[in-house]
Structure formats: C-alpha cells, structure tokens
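Taking it in order: structure first as structure tokens, then the write-up.
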Amino acid sequence: NAGVTQTPKFQVLKTGQSMTLQCAQDMNHNSMYWYRQDPGMGLRLIYYSASEGTTDKGEVPNGYNVSRLNKREFSLRLESAAPSQTSVYFCASSDLGTRLYNEQFFGPGTRLTVL
Amino acid sequence: AQSVTQLGSHVSVSEGALVLLRCNYSSSVPPYLFWYVQYPNQGLQLLLKYTTGATLVKGINGFEAEFKKSETSFHLTKPSAHMSDAAEYFCAVSDLGYGGSQGNLIFGKGTKLSVKP
Numbered sequence: 014n015a016g017v018t019q020t021p022k023f024q025v026l027k028t029g030q031s032m033t034l035q036c037a038q039d040m041n042h043n044s045m046y047w048y049r050q051d052p053g054m055g056l057r058l059i060y061y062s063a064s065e066g067t068t069d070k071g072e073v074p075n076g077y078n079v080s081r082l083n084k085r086e087f088s089l090r091l092e093s094a095a096p097s098q099t100s101v102y103f104c105a106s107s108d109l110g111t112r113l114y115n116e117q118f119f120g121p122g123t124r125l126t127v128l
Numbered sequence: 785a786q787s788v789t790q791l792g793s794h795v796s797v798s799e800g801a802l803v804l805l806r807c808n809y810s811s812s813v814p815p816y817l818f819w820y821v822q823y824p825n826q827g828l829q830l831l832l833k834y835t836t837g838a839t840l841v842k843g844i845n846g847f848e849a850e851f852k853k854s855e856t857s858f859h860l861t862k863p864s865a866h867m868s869d870a871a872e873y874f875c876a877v878s879d880l881g882y883g884g885s886q887g888n889l890i891f892g893k894g895t896k897l898s899v900k901p
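Below, the structure is given as structure tokens:
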C-alpha cells in the first residue's frame, strides 16, 4: 500500500497563476483533509471531506477550492495564487465513521512557493 | 472550543537524556489525544494516541504519554534520547461524537526537538 500520495512534491508559481494539488489514498478511507503548514503555526485545516460527495470549509479556506473526485482522490485548487499561499501543503485521510476517533494518515507534502 | 498548547517551540537535550515535551489541551468533553512526529522534509507520522482506557499510552520508538484529566495534560516522554529522535513533534486533540462535532483534529504549534551528541 502506498498510503497517501501527493503530487507534485515541489512547485513554484508566479502571483496570479493557478494550479491544482492532487492527493490520493489507497486505504479505502471515507474522510480526507487538506492542511497548510507554516513556520510556528502548526497545521491549519483548509478544507475537508467527511465522505465522498461532501466538502466543508476548515479554518483557512479563503483562496482555495476543493474537489472530492471519488473516494480515493481529493484535490486542492488555487485559482489565483498569492505570495501568502507560500506554504507546505499536506493531505491526510482517516476512516472516520468506522472508528470513534479521528486517526489521520498524512501524505509527504507539497512545497509551494508563490513569487 | 478546543485548543492545544505546546510549551516550548524548541527543546534541546543531550543524547541519552530524558525527553519531555509538554502538551496541554482545552476541551469541554472527554478528548481523543494524539502525538505526531515530523522528520525533516517528510509528512506527519502517528507516534501514539489516547482514546479510552489506560491513561499511560505507549507508542513507537520508545515514546509514551500520560493522559492526566485533572491537569488537562498529555505530555510526551522518552527515557533516553537518541540522535534519530531529532524532529518536530505535534500534539493534537479531537472531540468526535460530541455536540455534533466533526471530530477534526486541532493541532498545537509544534515543538522542535534537537538532540546533542
């Protein structure tokens, strides 16, 4: 099992460009999450999908959109990138709904720089 | 609202010394508690979790944590630090199942552990 995979690993964008970060999991998990990690800020939730067909905003959703393409895949889109979106982005999944606790499994991250 | 406070953004210990990373949480209901570790340029990996039952929880790589409800704490310890323990450690809390909560994880800001030879 590959677990949670993310593409690309690194990306440099210019202000105003758009891009989509891809995430896939092969653990048959219902729930998927997108976080951003900034120095000294810990992880902050951008969007999540509790189950296939649903998405909800997290703590810092502005400037992002998501798509839960199917049970395996959850993508994050930046429509018009801004320097403030320079960050490391992590995707995670969990089998919330079959467990009482939300144990999340994380991908390796995408390091995004917006110039 | 839930919150997590990790005391000390940087902790430095000598190899072989005790590791103690502090985590306090705020939750109005019995929490589920987690410690994750992040090695440089990698994703987060679960070290250990407290769900129910025994309050002393053992995890991977010799780490353990004790849930103390009266102190609202979940400190992470390891008796003897190894160079390979150098990483960033995150404490997280969730409250799944109470008051309609989605049970999303709330993370602390992290503690970077350095291990000196």
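So the sequences go chain by chain: A and B. Heads up: the first sequence at position 49 corresponds to 62 in this note's numbering, and the numbers run straight through without jumps. Heads up: the second sequence at position 83 corresponds to 867 in this note's numbering, and the numbers run straight through without jumps. The beta carbon of each residue, even a glycine, is placed where N, CA and C say it ideally should be.
Applying a beta-carbon distance threshold of less than 8 Å, which residues of chain A neighbour residue i?
i, result
"S878(B)", "Y114 and N115"
Helix, strand or coil: how does DSSP classify residue i here?
i, result
"S811(B)", "coil"
"D39(A)", "coil"
"G846(B)", "helix"
"M867(B)", "helix"
"Q19(A)", "strand"
"Q24(A)", "strand"
"Q829(B)", "strand"
Please classify residue i as buried or exposed, where buried requires at least 16 other C-beta atoms within 10 Å of its C-beta.
i, result
"Y873(B)", "buried"
"P815(B)", "buried"
"R90(A)", "exposed"
"N825(B)", "exposed"
"N888(B)", "buried"
"Y114(A)", "buried"
"I890(B)", "buried"
List the residues of chain B whose Cβ lies closer than 8 Å to the Cβ of residue i, in chain order.
i, result
"F87(A)", "Here the premise fails: no neighbours, minimum Cβ distance about 15 Å."
"P21(A)", "None at all; the shortest Cβ gap to chain B is about 14 Å."
When you compare the CB of residue i with every CB in chain A, is at least one pair closer than 9 Å?
i, result
"F874(B)", "yes"
"K842(B)", "no"
"K833(B)", "yes"
"F858(B)", "no"
For residue i, return the contacting residues in chain A, with the cut-off set at a CB-CB distance below 9 Å.
i, result
"Q786(B)", "Here the premise fails: no neighbours, minimum Cβ distance about 12 Å."
Since residue i meets chain B, which of its residues come closer than 9 Å, beta carbon to beta carbon?
i, result
"G53(A)", "S793, K893 and G894"
For residue i, which residues in chain A fall below 7 Å Cβ to Cβ?
i, result
"L830(B)", "E116"
Going along chain B, which residues have a C-beta under 7 Å from residue i?
i, result
"Y61(A)", "N888"
"G120(A)", "G827"
What whole-angstrom Cβ distance do residue i and residue j have, given they're in contact under 8 Å?
i, j, result
"F103(A)", "M45(A)", "With 8 Å as the limit, F103(A) and M45(A) do not qualify as a contact, their Cβ atoms being about 11 Å apart."
"G792(B)", "T895(B)", "6 Å"
"V17(A)", "Q50(A)", "That belief does not hold up - the Cβ atoms of V17(A) and Q50(A) are roughly 15 Å apart, past 8 Å."
"R124(A)", "K22(A)", "7 Å"
Counting only beta-carbon atoms, is residue i nearer than 9 Å to chain B?
i, result
"A105(A)", "yes"
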